[in-house]
Amino acid sequence: GAVVSQHPSWVICKSGTSVKIECRSLDFQATTMFWYRQFPKQSLMLMATSNEGSKATYEQGVEKDKFLINHASLTLSTLTVTSAHPEDSSFYICSADSIIEQYFGPGTRLTVT
Amino acid sequence: AQTVTQSQPEMSVQEAETVTLSCTYDTSESDYYLFWYKQPPSRQMILVIRQEAYKQQNATENRFSVNFQKAAKSFSLKISDSQLGDAAMYFCAYRRSKTSYDKVIFGPGTSLSVIP
Chain V
1255 GAVVSQHPSW
1265 VICKSGTSVK
1275 IECRSLDFQA
1285 TTMFWYRQFP
1295 KQSLMLMATS
1305 NEGSKATYEQ
1315 GVEKDKFLIN
1325 HASLTLSTLT
1335 VTSAHPEDSS
1345 FYICSADSII
1355 EQYFGPGTRL
1365 TVT
Chain S
15 AQTVTQSQPE
25 MSVQEAETVT
35 LSCTYDTSES
45 DYYLFWYKQP
55 PSRQMILVIR
65 QEAYKQQNAT
75 ENRFSVNFQK
85 AAKSFSLKIS
95 DSQLGDAAMY
105 FCAYRRSKTS
115 YDKVIFGPGT
125 SLSVIP
């Protein structure tokens, strides 16, 4: 099956700094990628839809200036958490859309101290 | 707006027994896709089974099968011969179409424990 990678798998950063998370589709091209946030024991919450070559579409309540999304190629989307605060600590998951279905990355655990 | 509901936050099953996880959804669309995803402790999302609404036949994948009741907007997952590796969070999900841009809407999840 198709493989989606995320890097890093776990990152710790200090409050006020920025951190970038990469999402790559390894063996297929994805026009659309999705970014989710997941708190412990909760469901996936869609943050934004990332489209190659155009601006991301953010869900209501998601700060677009805080969560910067760039989809520069058909195999790479990045999520940058700017000026991170402890409340941004969470598990972030990306998925890449193929013709058939969405394939999920393994997730990135972000801890802001 | 479409919504997905899973009324069982937690379920448990004896190893080798059968368990059914419930899911209901709300939509005004006639054609759509329904999914069950498994999220084990590793947190990697794994597609368990997919159902296309226009297909009458219930989908099956080895020990996993669904009971799709379109009129009732119900989509339950049956796991037969439960194994220890089936212990995970299970999410029911809805997607309006296979077109890119269409997001997947997830239910709140059911935590399944398997008792040896």
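Protein chains in written order, with the working numbering: chain V, 1255 to 1367; chain S, 15 to 130.
Just so you know, even glycine gets a beta-carbon here, dropped at the ideal spot from N, CA and C.
Query, Result
"Minimum Cβ-Cβ distance from Leu98(S) to chain V less than 8 Å", "no"
"Three-pair Cβ contact test at 8 Å for the stretch 1329 to 1337 of chain V versus the stretch 1273 to 1289 of chain V", "yes"
"Secondary structure of Leu98(S), DSSP reduced to three states", "helix"
"Residues sharing a beta bridge with Val1274(V), DSSP", "As written in the sequence, residue 1274(V) is Lys, which differs from the Val given in the question. DSSP, once it has assigned bridges, lists Thr1334(V) as partnering Lys1274(V)."
"In DSSP terms, what Ile129(S) is bridged to", "Gln28(S)"
"Per-residue burial, Phe1293(V) [other beta carbons within 10 Å of its own, 16 or more giving buried]", "exposed"
"Continuous beta strand (DSSP E) stretch holding Ala1326(V): start and end", "Phe1321 to Ser1327"
"Bridge partners - Ile93(S), DSSP secondary structure assignment", "Val33(S) and Phe78(S)"
"Top-ranked residue by Cα proximity to Glu1317(V), from Thr1336(V), Val1258(V), Met1287(V) and Thr1365(V)", "Thr1336(V)"
"Collapsed DSSP secondary structure at Asp1351(V) in the structure displayed", "strand"
"Endpoints, beta strand (DSSP E) assigned at Thr1303(V)", "Leu1298 to Asn1305"
"Distance, Pro1262(V) Cα to Ile1347(V) Cα", "11 Å"
"Contacts around Ile1266(V), its chain only, beta-carbon distance under 6 Å, and the 5 residues preceding and following it disregarded", "Thr1365"
"Buried versus exposed call for Ala107(S) [16 or more other C-beta atoms within 10 Å across all chains shown]", "buried"
"Nearest residue (CA-CA) to Ser1272(V), options Glu1313(V), Ser1349(V), Pro1340(V) and Ala1350(V)", "Pro1340(V)"
"Interface partners of Gln1356(V) on chain S, CB under 7 Å", "Val118"
"Inter-stretch contact at 8 Å, needing at least 3 Cβ pairs: the stretch 20 to 38 of chain S / the stretch 1302 to 1312 of chain V", "no"
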